[in-house]
Amino acid sequence: MFGAFLLLNLLFFFSNHPLVMGLILMGSTVLVAFSFFLLFKMSWFSYLLLLAFLGGLLVLFIYVASLASNEALKFEGKFLFFCIFFLFFLGEWVFGNSEFLIWKIYFFIPFSLIIFFLGVYLLYTLLVVVEVSKMDEGPLREMI
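Right, here's the structure in full:
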């Protein structure tokens with residue numbers, strides 16, 4: 005599962021179409037929610053996380069679809085080549101049963117401080133987005 009998550013995150017950097025980026029972000033959200041379910045054995049936490057992220061992605065999808073509705077999707081060969089290269093040459097250490105050894109990194113003290121600051125940053129960006137969407141003449145336009 006960690007290999008799929010890593011592959012989706014690397015493909016996110018190579019994509020140039022906003023709808024493909026949203027699809028990759030949705031796949032990453034599902035994988036994170038499922039890994040939280042496996043790690044904490046609590047389905048309600050992963051379900052709430054999934055609903056919150058998908059609600060935000062829905063707003064983002066509507067906004068991007070209204071801005072880039074006529075942009076054509078160009079599938080480049082480097083996506084396919086990169087996926088095959090990644091899946092073929094990556095070793096058993098990512099796709100094996102070592103997932104929980106990787107999760108132990110997050111409980112290391114300096115990483116937990118970084119995760120705390122990332123959470124504060126996400127809360128700040130949430131408040132900024134709420135303030136921007138309240139404005140009458142802001143970047144969010146009326147859909148109907």
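Counting in my numbering, the sequence shown runs from 5 upward without gaps. Every residue, glycine too, gets a C-beta built ideally from N, C-alpha and C. The structure displayed is predicted, hence computed values, not measured ones.
Practice problem: For S19, name the three-state secondary structure that DSSP assigns. | Solution: For this step, residue 19 is matched to residue 15 along the sequence shown. In the structure shown, S19 sits in coil (DSSP, three-state: anything other than H, G, I, E or B).
Practice problem: Let me know the alpha helix (DSSP H) ranges lying completely inside the stretch 20-54, each 4 residues or longer, listed in chain order. | Solution: 22-44, all fully within the stretch 20-54.
Self-check item: 8 Å Cβ shell around Y128 - same chain, five flanking residues per side excluded
Solution: Within the sequence shown, numbered from 1, the residue matching residue 128 stands at position 124. Cβ within range, chain order: n/a, list empty.
Quiz item: Can a CB atom of chain C be found closer than 8 Å to the CB of V124?
Solution: In the displayed structure, chain C is absent; only one protein chain is listed.
Self-check item: S2 classed as buried or exposed, judged by whether at least 16 other C-beta atoms fall within 10 angstroms
Solution: This structure does not reach residue 2, given that the chain is present from 5 up to 148, and the question cannot be answered.
Exercise. Reducing DSSP to helix, strand and coil, say where G81 ends up.
Key: Reading the sequence shown from its first residue, position 77 is the one you call residue 81. It is helical.
Exercise. Just the C-alpha distance for L61 and A8, rounded to the nearest angstrom, thanks.
Key: Your numbering for residue 61 matches position 57 in the sequence shown. Your numbering for residue 8 matches position 4 in the sequence shown. Each residue's alpha carbon lies about 20 Å from the other.
Quiz item: Applying the criterion that 16 or more other CB atoms from any shown protein chain within 10 Å of the CB defines a buried residue, is L15 buried or exposed?
Solution: One-based indexing of the sequence shown puts residue 15 at position 11. Classification of L15: buried, given that the 10 Å Cβ count is 16 or more.
Quiz item: What do you reckon, are the CB atoms on I28 and S19 nearer than 8 Å?
Solution: By 1-based counting over the sequence shown, the position of residue 28 is 24. By 1-based counting over the sequence shown, the position of residue 19 is 15. With contacts defined by Cβ atoms closer than 8 Å, I28 and S19 form a contacting pair.
Quiz item: CB L22 to CB V63, shorter than 8 Å?
Solution: Here residue 22 refers to the residue found at position 18 when the sequence shown is read from its first residue. Here residue 63 refers to the residue found at position 59 when the sequence shown is read from its first residue. Reading off the sequence shown, one finds Pro at residue 22, where the question assumed Leu. Going by C-beta atoms, P22 is not nearer than 8 Å to V63.
Quiz item: If we ignore side chains and look at the alpha-carbon of each, how far apart do L130 and L11 end up?
Solution: Numbered from its first residue, the sequence shown carries residue 130 at position 126. Numbered from its first residue, the sequence shown carries residue 11 at position 7. Taking the straight line joining both Cα atoms gives about 27 Å.
Quiz item: Rounded to a whole number of angstroms, what is the C-alpha to C-alpha distance between M25 and L71?
Solution: Here residue 25 refers to the residue found at position 21 when the sequence shown is read from its first residue. Here residue 71 refers to the residue found at position 67 when the sequence shown is read from its first residue. Near 14 Å, if we compare the C-alpha coordinates of L71 and M25.
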